[in-house]
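Enquirer:
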Amino acid sequence: MIGTKVTVGHPAGIHARVAAHAVLLASGHSASVFLRSLRGTASLARLADLLRLDVREGDVVEVLADGPDEVETLHDIATFLTSTTDGPVPHTASDEGND
Numbered sequence: 001m002i003g004t005k006v007t008v009g010h011p012a013g014i015h016a017r018v019a020a021h022a023v024l025l026a027s028g029h030s031a032s033v034f035l036r037s038l039r040g041t042a043s044l045a046r047l048a049d050l051l052r053l054d055v056r057e058g059d060v061v062e063v064l065a066d067g068p069d070e071v072e073t074l075h076d077i078a079t080f081l082t083s084t085t086d087g088p089v090p091h092t093a094s095d096e097g098n099d
């Protein structure tokens with residue numbers, strides 16, 4: 001298991017749309033992904049658990065990944081969470097060659 005701390009950049013924090021994108025992004029990887037904040041830890045496989053953390057813009061959270069593609073997973077999730085837009089899930093390295 002590896003992890004990194006990031007500052008959430010989304011202007012409204014991790015609200016329903018951002019959480020749904022994070023869960024979708026995590027589901028594209030084989031590694032298990034967790035988000036740890038001052039309010040607890042949630043699996044990115046469970047949307048409701050992620051929303052219960054009530055993560056806000058500027059909060060520092062720890063992203064944890066465990067599995068065969070944990071390095072790539074950690075990078076993709078951390079990049080998404082630090083983004084300042086609520087747009088669609090970003091293109092990731094795992095999408096290469098899937099056109």
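Position 80 (the sequence shown) corresponds to 80 in the UniProt record's numbering; numbering is contiguous. Heads up, the beta-carbon is just placed ideally off N, CA and C, and yes, glycines get one too.
1) So which of Ile77, Val71, Ala12 has the shortest CA-CA distance to Leu44?
2) Below 6 angstroms CB to CB, which residues in the same chain sit around residue 165 once its five sequence neighbours on both sides are set aside?
3) Should Pro68 and Ser37 be called a contact, given that it needs their Cβ atoms to be closer than 8 angstroms?
4) For Ala20, collect the residues of the same chain with a Cβ closer than 7 angstroms to its Cβ; drop the 5 residues on either side in sequence, then sort them by chain order.
Expert: Walking through what the data contain:
1) Ile77
2) Nothing can be reported for residue 165, as the shown portion of the chain is limited to 1 through 99.
3) no
4) Leu47
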